[in-house]
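Everything below concerns the one structure shown next.
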Amino acid sequence: MADSYVALEEEGDGCCVVEENENPMVLYDFRKEDEHLNLEFSQHVVGGVVEPTLDMEFISEDDARNFYNAYAKQTGFSIRVNSYYRSKKDNLIISREFCCSKEGFRRDKHSRKTDSGDDTKRRRARPITREGCKALMTVRKRENGKWYVAKLEKNHNHELVIPAMRHFLRSHKEEDDPKKSLNGTIGSMGVGLNASVNVLPEDYNSFGKLGFAAQNNVNFIRRGGLSNFGVDAQSLLAFVKVMQTSDPSFYYAIQVDDEDRLSSVFWVDTRSRIAYNCFSDVISFDTTYQVNQYKMPFAPFIGVNHHRQSVLFGCALLADETESTFIWLFTTWLEAMSGRQPGLIMTDYDSAISRAVESVFPKSRHRYCKRHILSKMPKAIGHVFSSLPKTFQVEFEKCINNSETPEEFESAWQLLLDKCSLRGNEWLQSLYNDRKLWVSTYVRDTFFAGMYSIQPSKSVISLFDGYVNAGTALQDLAEQYERALDGRYEKEVRAEFETFYTKPVLKTPLPMEKQAAEVYTRKLFLVFQDEIYESLVLAVKSSLDDGLSKTFEVARFDEEHKVYRVGINIADQIASCSCKMFEFEGILCRHVIAVCKATNIFLLPQHYILKRWTKNAKEEAKFDALPSVEIHDNSRKGKKQYNLLYQEAIKCADEGMASDHSFNVALNALREARIKIVSAKKNAINVQKLETASSTHYTDDKTT
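Residue numbers (this note's numbering): 190 to 893.
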């Protein structure tokens, strides 16, 4: 409770206390009958939401607070206790004000505490949550002990939170278990707006009792034994069957061996297929995970979304790691993704994978993952590795990471080989021959979307870390797979909430920073904000001017020896930097930003704002680029009609999640439409039967 007393208004013999209490509150169940509660809530229902009105009465202050919090949850905002009056006669509370949590503005002293002092101890400022909202409800106590609404303001000056994200609001946090409500959470985000579910239905526990039957989205499997999967095979097959039952666009494929036995399986759900259409520019294929007692490779296809979070594009359990198996998997995966090849595919350093990639993805760029190369080094080099200096690993990483030019790398590489007597090592020679596919200085002109990392703990491709490991049995894989996805999707929902419903603290008055805050997701804005902040300590010196374009030398004031060169065409606002950060990560670097300021360019040119990093990255692709799904009618017309209906249904689901009222409207409309469709289907069948009968009768008469 605040210790400041402020006279807000004249209210008889009372004094006012300003209180900022935004703790989670227990909802009052206004559906429960109470003979002492003088409320007819049906009179106050507007659009499916029970709204407060002036003179509405409550038995107690707590009832009023809980009602307003329930109303806030239904509407999409959080509340806090703002102020109250105490009677000067008996010191009892006689008036209470509940306000929107975005009331008022942040005090300046709070923001000044952040980002001060030593750079190494800087903390990032908390997002701005207050926007001067005037929405409130004030209740006062009558002489009979009841409370009534004396003052009410319903209008907000900010966007209200959609139902799927309301459990992140502070006054509602303890009301919902995010894991229990995750299906609704994911649906309204647009990452899986159909019948897809995250948690397996009740018959999951009876996987062993379920049979297996090929369905629409499964490649044909002939009847034979079960090889690599052993006794766990039935559990796995039951898992994909249940998933397809709940998700009409769930896709899975089976590979059989020469003896018609199940050997490999691949699956991908609707959310993953939709996500791929938004973020197909970079994917990683990882075979380092192994599951069950048979040590089968668990191979996920993983990308990165607009929040720089890993996202799944499908996964497989493989019989082996041969070229033919990889070709089957890549071909199957590409078919599930409607033939859309990735812009870049990162893989392990493996010849079989490389040949399969070249065969199936001829239009994609192929690069090797440094993380895998470094982890394989001790085994790949052989017994020689144990006799190498302890500093070898550090020097090796420094060679491949810190060499800014090919010439620097060549010199450092040769020096390291001579120092450690490694000339002639076949594996290192092979790495050198393929250096343009994995060494930093050679791949800086390739867009990796932040997935180029050598730190396993920070790698975005560790989607299943903590869920799937060598001890995971297949009967547990389904559950762990779902938990991994649930955790990742919940993180994506939170990132969406922070992006759309909070505002970042700006560090500079530059228009470019404000522009970036409005278009980028929060995570990407913070990355860009660091570049803007660091540009303030850069010195810019013109070195060449040929009229159309200029070249500048850029360096820190305290590192004048380390110079970056930026070329810029001011008329077209096109720039390039020797650090190649934009080509590599899709974010404009501090060096180009410094040159832009020096040449009076204060806004980000549109061609330097990649849509995949913006707030609306998924806005269009989730509907218009939805992958085709297999249907009984294999004709071109049939597929086109099915996909059109499917997309319209998903649009209804997305719009229906905007509010509780729109949800009820959408649900009733869809149910009514289904009844009409079933009726039309029956009528069509009856007409067809009559036409058939009439045709048969006519033929018989003619024959007679």
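We put the beta carbon where it would ideally sit given N, CA and C, even for glycine.
- Beta-bridge partners of THR327 (DSSP): GLU286, LYS340.
- Around the Cβ of HIS750, a 10 Å sphere holds fewer than 16 other Cβ atoms; the residue is exposed.
- Shown here for ARG319: same chain residues with a beta carbon closer than 6 Å to its own, the five before and five after excluded, namely LYS291, GLY293, PHE294, ARG295 in chain order.
- For ARG462, the enclosing alpha helix (DSSP H) stretches over residues 459 to 467.
- A direct Cα-Cα distance of roughly 18 Å separates ARG672 from ALA427.
- According to the DSSP secondary-structure assignment, CYS609 is paired through a beta bridge with no residue.
- Scanning the stretch 537 to 620 for uninterrupted beta strand (DSSP E) segments of 3 residues or longer gives 554 to 557, listed from N- to C-terminal end.
- Between PHE256 and LYS335, the C-beta gap is not smaller than 8 Å, which leaves the two residues out of contact.
- Segment contact: the stretch 280 to 290 against the stretch 318 to 333, three or more CB-CB distances shorter than 8 Å; contact assigned.
- Judged by their CB atoms, GLY532 and ASP475 are not nearer to each other than the 8 Å cut-off.
- Exclusion of the five residues before and after LYS804 leaves HIS495, THR688, PHE689, VAL708, TYR709, THR710 as the residues of its chain whose Cβ lies within less than 8 Å of its Cβ.
- For SER731, there is no enclosing alpha helix (DSSP H); the residue is part of the beta strand (DSSP E) that begins and ends at 727 to 734.
- Close CB contacts of GLU584 within its chain, under the 7 Å cut and outside five residues either way in sequence, are with LEU605 (chain order).
- When the Cα atoms are used, PRO578 and CYS609 turn out to be separated by approximately 8 Å.
- The stretch 754 to 762 makes contact with the stretch 775 to 785: 3 or more CB pairs, one atom from each, lie closer than 8 Å.
- Within the same chain, ALA855, ALA858, LEU859 come within 8 Å of CYS841 by CB-CB distance, once the 5 residues on both sides are set aside.
- Counting along the chain, ASN758 sits inside the beta strand (DSSP E) bounded by residues 753 to 758.
- About 6 Å separates the beta carbon of ALA541 from that of PHE515, a gap short enough to meet the 8 Å contact definition.
- Of LEU617, GLY265, GLU681, PHE550, the smallest CA-CA separation from ILE570 is found for LEU617.
- Comparing C-alpha distances from VAL682 to each of ASN853, ARG497, TRP602 shows the shortest one belongs to ARG497.
- Annotated three-state conformation of ARG745 is strand, per DSSP.
- THR521 and THR691 have their C-alpha atoms some 42 Å from each other.
- In its chain, beyond the 5 residues on either side, PHE474, ILE542 have a beta carbon closer than 6 Å to the beta carbon of THR536.
- Going by DSSP, ILE268 is part of the beta strand (DSSP E) stretching over 268 to 276.
- GLU246 has TYR337 as its beta-bridge partners, per DSSP.
- Annotation for ALA525: the continuous alpha helix (DSSP H) segment containing it runs 512 to 525.
- For the pair SER272 and CYS288, the Cα-to-Cα distance works out to about 9 Å.
- Taking 8 Å as the cut-off, the beta carbon of ILE472 is found closer than this to the beta carbon of PHE502.
- Beta-bridge analysis with DSSP links TYR709 to THR803.
- Secondary structure at TYR260: helix, using DSSP grouped into helix, strand and coil.
- Distance between SER848 and ILE866, taken at the CA atoms: about 26 Å.
- THR697 and ASP719 have their C-alpha atoms some 11 Å from each other.
- With a 10 Å radius around the Cβ and a threshold of 16 neighbouring Cβ atoms, ILE864 comes out exposed.
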